[in-house]
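Notes for the one structure printed next.
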Amino acid sequence: MLELVAISYSPWSEKARWALDHHSVLYGEVEHLPMLGEPALRKRLGKWRGKISIPLLLKTDGAVHDSFEIAEYAEEIGSSPVTLFPDEKREMIVGWSEQSETALAAGRALVSTSVLQDVKGRPN
Ligand SMILES: N[C@@H](CCC(=O)N[C@@H](CS)C(=O)NCC(=O)O)C(=O)O
6 MLELVAISYS
16 PWSEKARWAL
26 DHHSVLYGEV
36 EHLPMLGEPA
46 LRKRLGKWRG
56 KISIPLLLKT
66 DGAVHDSFEI
76 AEYAEEIGSS
86 PVTLFPDEKR
96 EMIVGWSEQS
106 ETALAAGRAL
116 VSTSVLQDVK
126 GRPN
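Residue numbers (the working numbering): 6 to 129.
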């Protein structure tokens, strides 16, 4: 059984989820707790160095990292007759995905700043 390690409020996780659902791929979902969940995840992946990003899709023989790669994997194993990556539009889709990375990263920076300010504003 495939297992999607995801963060419920993350747009990248939603992107991966959406592609898997589009192709009716069966998977379970595990909520990742940033920082706290990392040691257990590293142990599971056998990856002790380098960056780990969420979402990732755990398979019996490894993992698929990155929401775009998960979407491509869903396309490979999924059952929908409607392709997510029509050949003639593939280049454009890759371009949009790269641009969305910039926008999503900017959104994450804004959220992180807000969270930091929220914590600072709390009484001790
Ligand atoms: N290109 C990645 C980006 C995913 C991403 O940035 N995920 C964030 C969580 S929403 C993350 O894992 N950050 C970990 C970190 O910054 O150390 C994808 O498409 O999956």
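By construction, the Cβ of each residue, glycine as well, lies at the ideal position given by its N, Cα and C atoms.
These figures come from a predicted structure and were not determined experimentally.
- Remark: the shortest separation between the CB of Trp17 and any heavy atom of ligand 1 falls under 7 Å.
- The C-beta distance from Met6 to Leu31 rounds to 7 Å, short enough to fall under 8 Å.
- Ligand 1 has no heavy atom closer than 7 Å to the beta-carbon of Lys125.
- Measuring C-alpha to C-alpha distances from Phe73 to each of Val87, Glu36, Trp101 identifies Trp101 as the nearest.
- For Lys48, the enclosing alpha helix (DSSP H) starts and ends at 43 to 50.
- Of all C-beta pairs linking the segment 56 to 65 to the segment 30 to 47, three or more are shorter than 8 Å, placing the two stretches in contact.
- The DSSP assignment places 32 to 36, 61 to 64, 67 to 70 as complete runs of the beta strand (DSSP E) inside the segment 16 to 100, in order along the chain (cut-off: 3 residues).
- Judged by beta-carbon spacing, Ser84 lies within the 8 Å limit of His28, meaning their Cβ atoms are closer than that value.
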